[in-house]
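In what follows, a structure is listed as structure tokens, so that the remarks can point back to it.
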Amino acid sequence: MEWVIILVCIIADQVSKYMIETNAALHEVVLIRDFFHITYVKNTGMAWSMLSGQTGLLALISAVAIGVMLYYLLKGNNDRLTKIGLSLMIGGAAGNLIDRLLLNYVRDFLNFYIFGYDFPVFNIADSVLCIGVFILLLASILEDRKNG
-11 MEWVIILVCI IADQVSKYMI ETNAALHEVV LIRDFFHITY VKNTGMAWSM LSGQTGLLAL
49 ISAVAIGVML YYLLKGNNDR LTKIGLSLMI GGAAGNLIDR LLLNYVRDFL NFYIFGYDFP
109 VFNIADSVLC IGVFILLLAS ILEDRKNG
């Protein structure tokens, strides 16, 4: 089950990035005015442009993080929710790592304006990574309640 989640995340991320990148008409599309746009950008950093241009360092950090998460995933004594969270995080991190290794940047395109704030542009990999973090936090809270 975990490997399916990881592969689906990677495939969805890479296919969506390819579709946006190869379709010039999709590089800047307003879907919901003042809320949601498709805005294709080449991101050499991470969120909020932190560590811009440090592709090698970010790739190394991603690879190490994936290795650590795989270790905990394969350890075997995790509950189902933890396995799902880790799988999503691995899939998201791997999707962006593929871009960094092959292109030296990450392809981002989801652009939201929230209460007038232009949120940093992101992609499917970023989304599943964040959802995975949320699920892992939820699993931790539920485990604490069960044990305490």
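Numbering-wise, the sequence shown is residues -11 to 136 according to the numbering used here.
Built from N, CA and C at the ideal position, the CB exists for glycine as well.
Own chain partners of residue i with C-beta closer than 6 Å, once the 5 adjacent residues on each side are dropped
i	result
Ile112	Ala0, Asp1, Ser4
Phe24	Phe100
Val18	His25
Under 8 Å between C-beta atoms of residue i and residue j
i	j	result
Gly120	Leu61	no
Asn92	Thr43	yes
Ile(-2)	Leu76	no
Thr27	Glu9	no
Asp96	Val29	yes
Contact belief for residue i with residue j at Cβ below 8 Å, rounded distance in angstroms
i	j	result
Ile123	Leu69	6 Å
Phe110	Leu125	So it is not a contact: roughly 19 Å between Cβ atoms.
Trp36	Pro108	5 Å
According to DSSP, residues forming a beta bridge with residue i
i	result
Glu16	Thr27
Asp96	Val29
Asp110	It is Phe, not Asp, that sits at residue 110 in the sequence shown. Bridge partners of Phe110: Leu98.
Own chain, CB closer than 7 Å to residue i, minus 5 neighbours either side, in chain order
i	result
Met34	Leu46
Leu39	Gly33, Leu45, Leu46
Asp22	Tyr101
Cutoff 8 Å; reference residue i; Cβ partners in own chain excluding five residues on either side
i	result
Thr7	For clarity, residue 7 is Met in the given sequence; the question names Thr instead. The answer, listed in chain order, is Leu14.
I'd like to know if the stretch 101 to 118 and the stretch 76 to 90 are in contact, where contact means that at least 3 CB-CB pairs between them fall below 8 Å. yes
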